[in-house]
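If you read the sequence shown in the numbering used here, its first letter stands for residue 29, the second for the next number, and so on.
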Amino acid sequence: MQLNRATNLACPLDGLPLAPAERQLRCANGHSFDIARQGYVNLLPVQNKKSREPGDSTDMVEARRRFLDAGFYEPISRQVNALVQRHLPTGEVCVMDAGCGEGYYLDQLSRALDGSGREASLIGLDIAKPAVIAATRRNKDITWLVASNNNPALLPQSVDLILCMFGFPIYDAFAKILKPGGKLLLVDAGPEHLIELREVIYPEVRKSPPPGLDKARQEGFELIDSQTLTYQTSELNRAQIADLLRMTPHLFRATHAGKEAAAQLESIRLTVDVQFRVLERG
Ligand SMILES: C[S@@+](CC[C@H](N)C(=O)[O-])C[C@H]1O[C@@H](n2cnc3c(N)ncnc32)[C@H](O)[C@@H]1O
């Protein structure tokens, strides 16, 4: 595979194409965005930030990096890679990871595509600067952006496939940047996901299905493929349990007593229950 730099970046202020100029990207209206020393570009206009440090904190990012590097979610990554390769068209392609976190899955995808003989540009985008900085350390050939799913700062109809894993899909923004027939791969927790840990930290466990697709359908998406992956992890030790709690919203929702109970655990094996849904843009 040849991994190309993305050439479909758009100014987040006026939507015009961005072109490289020195250590910056610039649009024809003169808006400029610095390429950071680590290689990422911040395309999140200050006025679009809802808080000073939006998204995951450095602490959460580091916890996720350690947990993912331990391999507990590697089967999820393998299934993503297989689905992406099945649903990508032939020829040169552009894949965008919306809410890429610290870049584990996109980096794994780039390795899986290696040797496939195709040309690709891979774009990882996250609203959290600490996540994007961590992602640049994983892979220098991926185009990493600080940006929001609300305004992904990519040219209309320029993306073949969007990956949205345990994230926050914005269907109208995604429909705008996908090519006609482009795909959206949603990866979400199923009802049994991490059930053993949830039973420890919550007095009552709700087994909710993944989010519904009504909004996606309203934006012209159609469900074309759906798969479930269920397996048991190997044993997590105390530090890995703490990392998992830190990297998921459970940490914020659990009661004090729940967190105390989790802190007492020496080890635990967990059920992973994940749903993969591929939607096609009409
Ligand atoms: C649960 S994490 C999942 C990260 C990664 N997809 C993974 O599975 O490892 C959600 C990610 O979405 C990011 N995020 C939250 N709101 C966002 C938005 N509006 N646009 C882009 N990213 C966002 C967070 O900073 C965080 O990295």
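Glycine included, every Cβ here is placed at the ideal spot set by N, Cα and C.
* To do: Could you please give me the residues that DSSP links to R305 through a beta bridge?
  => L214, S254.
* Are the stretch 236-248 and the stretch 279-295 touching by the rule of at least three beta carbon pairs closer than 8 Å? -> Cβ pair count under 8 Å is below three, so no.
* **Range of the contiguous alpha helix (DSSP H) that encloses D200** => Element bounds for D200: 199-205.
* Given that a residue counts as buried once 16 or more other Cβ atoms are within 10 Å of its Cβ, and exposed if not, what is F196? -> The residue in question, F196, is exposed, as its Cβ has fewer than 16 Cβ neighbours within 10 Å.
* Which of helix, strand or coil does DSSP assign to P123? -> The residue you asked about is not Pro; residue 123 is Val in the sequence shown. For V123, the three-state secondary structure derived from DSSP is strand.
* To do: With DSSP collapsed to three states, give me the class of F95.
  => The three-state reading of DSSP puts F95 in helix, counting H, G and I together.
* When burial is assigned at 16 or more other CB atoms within 10 Å of the CB, is A38 buried or exposed? -> Its Cβ being crowded by 16 or more others within 10 Å, A38 is buried.
* Considering only C-alpha positions, which residue in the set L251, H284, E232, E224 is nearest to E263? -> Of the residues L251, H284, E232, E224, the one whose Cα lies closest to the Cα of E263 is E224.
* Asked: Is Q107 closer than 8 Å to F304 when the C-beta atoms are compared?
  -> In terms of Cβ geometry, F304 and Q107 form a close pair [threshold 8 Å].
* Figure out for me which residue from D97, S149, P158 has the closest Cα to the Cα of Y133. => Checked all of D97, S149, P158; the closest Cα to Y133 is D97.
* Asked: Within the present structure, is the beta-carbon of R54 separated from the nearest heavy atom of ligand 1 by less than 7 Å?
  -> Distances taken from the Cβ of R54 to the heavy atoms of ligand 1 include none shorter than 7 Å.
* What's the gap between the Cα of R139 and the Cα of G58? -> Their backbone Cα atoms lie some 37 Å apart in a straight line.
* To do: Tell me R54's beta-bridge partners as DSSP assigns them.
  => R54 is bridged to A47, S60.
* Proximity winner among A290, A282, R274, relative to R92 (alpha-carbon distances) -> Comparing Cα-Cα distances from R92 to each of A290, A282, R274, the minimum goes to R274.
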